[in-house]
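Just so you know, we're using this note's numbering here: the sequence shown kicks off at 6 and counts up by one.
Below is one structure; the comments refer to it alone.
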Amino acid sequence: MSDNLLLKGLKVIDAGSFIAGPVSTTILSDFGAEVIKIEPPKIGDSLRHLIERTKRVNPSAEEDYCWQLTSRNKKSLALDLGSAKGQEILHKLIKEADVFVTN
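Here's what the structure looks like:
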């Protein structure tokens with residue numbers, strides 16, 4: 006990544022799911038923002054599993070690139086937001102961030 010990107014130094018917490026949230030934070034990351042993607046433990050974000058739906062329409066499909074396209078340039082953190090500890094960590098991250106995205 007270039008050192009002179011417009012949003013370098015901006016910290017974003019991405020708790021969005023499916024299309025709108027992840028795409029918006031991908032654009033921010035393309036301009037240099039540090040984006041931390043929050044995912045549920047064990048299963049990860051639902052876009053990671055889109056190939057299963059794609060195969061229903063196209064049984065010969067081997068890959069669905071939606072996850073790769075919407076997660077480039079992002080860090081990933083698994084948090085159980087149903088637990089007090091997971092919520093505590095999320096709140097700490099949000100306090101340190103410039104932007105929080107959810108949908």
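Built from N, CA and C at the ideal position, the CB exists for glycine as well.
Cα-Cα separation between residue i and residue j, rounded to whole angstroms
{"i": "I56", "j": "L74", "result": "14 Å"}
{"i": "W72", "j": "L52", "result": "5 Å"}
{"i": "R61", "j": "K42", "result": "28 Å"}
Extent of the continuous alpha helix (DSSP H) to which residue i belongs
{"i": "A83", "result": "Looking at the DSSP string, A83 is not in any alpha helix (DSSP H); the run it does join, the beta strand (DSSP E), is 79-83."}
N- and C-terminal bounds of the beta strand (DSSP E) containing residue i
{"i": "I18", "result": "16-19"}
CA nearest to the CA of residue i, picked from the options
{"i": "T31", "options": "I94, N78, A102, N108", "result": "N78"}
{"i": "D103", "options": "E44, K16, N9, K90", "result": "K16"}
{"i": "K13", "options": "G37, P46, V106, N108", "result": "G37"}
{"i": "L10", "options": "G87, L33, S76, D85", "result": "L33"}
Which residues DSSP lists as bridging residue i, in chain order
{"i": "V62", "result": "Looking at the DSSP assignment, V62 forms no beta bridge with any residue, so it has no partner."}
{"i": "V40", "result": "V17, K79"}
{"i": "F105", "result": "I18"}
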